Amino acid sequence: MRIAIVTESFLPHVNGVTNSVCRVLEHLARRGHEALVVAPGPGPGVRDDRLRLTAGVPLPFYRSFVVGLPSRHVTPALRDFRPDVVHLASPLMLGTSGVAAARRLGVPTVAVFQTDLVGFARRYGLRGADSLVWAWLRHIYERADRTLAPSRPTLDELRKRGFPRLALWARGVDDQRFHPRHRSRELRERLAPGGEALVGYVGRLATEKRPWLLAHLAGLPGVRLVVVGDGPARRRLERLLPGAIFTGFRTGQELATLTASLDVFVHTGADETFGQAVQEALAAGLPVVAPASGGPLDLVRPGHNGLLYPPDDPAAMRAAVATLASDAALRARMGAHARLSVHGRGWAGVCDELIGHYQAVLGMTPAEHAA
């Protein structure tokens with residue numbers, strides 16, 4: 001097949017949308033399919049005939065977060081490529097041009113819902129805009145032939161909001177990169193020379209992730225907090241947590257080693273449609289403490305591979321972390337279950353499911369597409 005992926009985010013910006021698109025591209029290439037990416041600039045910095053860049057603007061309050069703009073260049077890019085299917089990755093602005101171009105050219109579409117934009121807007125003070133954001137999103141997604149939700153809670157929410165033609169499509173995990181065997185004694189001794197339990201957070205340090213909740217972990221006896229990531233909230237968080245270790249942004253094997261060398265993984269974001277960092281921690285054999293909200297509800301089984309806490313109860317988060325940090329036997333038992341809980345969730349199987357969705361919309365009749 002020939003698949004055109006119109007994405008709201010792409011390299012060099014690394015986030016959940018970019019990561020998923022890159023894994024899909026790798027899998028399509030392995031399966032012998034051809035792909036074109038249409039994305040907002042600046043792009044990865046290397047010339048690639050399979051990439052078409054459009055205008056993008058950084059958010060004024062989050063300069064590293066670039067938003068694609070609607071573009072008249074999408075239609076000619078798709079017309080030249082002649083795709084069988086158009087894949088819309090978290091469509092918002094550029095995605096409107098993608099779905100319009102696909103309809104104009106008579107090409108079926110699969111839209112992937114990935115970002116909780118309503119929660120994002122609320123965290124940045126746009127209260128009262130929920131109904132407007134939902135209406136805009138529904139306007140985009142109802143024009144796609146199929147919408148894929150990454151978790152059951154997200155699927156239920158979209159169904160409640162009147163989104164049509166829904167299906168579940170989760171995210172994969174590289175369970176060889178994120179593996180307990182990458183646990184490093186040398187790194188642990190460097191991070192916790194006193195033998196403290198290492199409690200870690202991995203993710204963007206930005207308002208929508210609520211990283212300031214980590215301040216409620218300050219002073220836990222026998223605990224050293226490790227914060228992996230970067231973002232506009234980093235300076236504030238460093239002031240709140242002077243005793244924590246801030247590693248900055250990490251990827252690849254370095255991230256895998258850091259993750260596996262932790263004892264407990266703590267997540268603070270309450271607006272996750274999936275929770276990829278949570279899944280990677282589970283694959284590394286870590287018990288997870290996460291909010292009982294959104295995607296983590298699909299990943300964390302309380303008392304089995306981690307603990308959940310009410311999203312707006314930081315005292316409960318602290319208590320859950322304290323329980324695990326103080327009990328090595330409990331951590332070991334949950335860590336073993338954590339690894340098993342993501343067995344069979346590799347990217348190859350997950351991306352084959354996606355190809356199945358492509359094939360399904362290709363098999364629709366013209367009347368079904370019109371509907």
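The UniProt record's numbering puts the first residue of the sequence shown at 1, with every later residue one more than the last.
Beta carbons are placed, not taken as given, at the ideal position from N, Cα and C, and that holds for glycine.
Note that the coordinates shown come from a computational prediction; the quantities given were computed from them, not determined experimentally.
| Item | Value |
| --- | --- |
| Does the contact criterion of 3 or more C-beta pairs under 8 Å hold for the stretch 170-177 versus the stretch 308-322? | no |
| When the distance is taken between beta carbons, is D298 closer than 7 Å to S131? | no |
| Can you grab the Cα-Cα spacing for the pair L168 / H27, in whole Å? | 19 Å |
| Whole angstroms is fine: what's the gap from L220's alpha carbon to A197's? | 10 Å |
| R239 by DSSP, collapsed to three states: which one? | helix |
| Would you mind stating whether S90 and V74 have Cβ atoms separated by less than 7 Å? | no |
| Taking only beta-carbon positions, decide if V37 is within less than 7 Å of chain D. | Absent from the structure is chain D; it holds one protein chain and no more. |
| Given that a residue counts as buried once 16 or more other Cβ atoms are within 10 Å of its Cβ, and exposed if not, what is G68? | buried |
| When DSSP labels each residue in this structure, what does Y141 get in the three-state scheme? | helix |
| What's the gap between the Cα of R122 and the Cα of G32? | 42 Å |
| Any idea what DSSP makes of E34, helix, strand or coil? | strand |
| Cα-Cα, which of L362, L258, H139, G16 is closest to S184? | L258 |
| Give me the Cα-Cα distance between G95 and R331, rounded to the nearest whole angstrom. | 43 Å |
| Starting from Y124, follow the alpha helix (DSSP H) in both directions and report where the run begins and ends. | No alpha helix (DSSP H) holds Y124; DSSP gives it neither H nor E. |
| Name the one or two DSSP bridge partners that P58 has. | V66 |
| Roughly how far, in whole angstroms, is the beta-carbon of A39 from the beta-carbon of L25, given that I think they are within contact range, below 8 Å? | Actually they do not touch by this definition, with Cβ atoms about 11 Å apart. |
| Apart from the five residues on each side of it in sequence, which residues of its chain come closer than 8 Å, Cβ to Cβ, to I3? | L28, H33, E34, A35, L36, P83, D84, V85, V86, H87, Y358 |
| What alpha helix (DSSP H) runs, 4 residues minimum, are completely inside the UniProt domain "Glycosyl transferase family 1" (188-339)? | 234-240, 252-260, 276-283, 296-299, 314-325 |
| Please identify the residue among F81, A322, A336 whose C-alpha is closest to the C-alpha of H304. | A336 |
| Kindly list the residues whose CB is nearer than 7 Å to the CB of E280, restricted to its own chain and excluding five residues on each side of it in sequence; keep chain order. | V173, F178, T259 |
| I'd like to know if the stretch 260-270 and the stretch 207-216 are in contact, where contact means that at least 3 CB-CB pairs between them fall below 8 Å. | yes |
| Please determine, among F113, L286, F246, V110, the residue with the shortest C-alpha to C-alpha distance to D230. | F246 |
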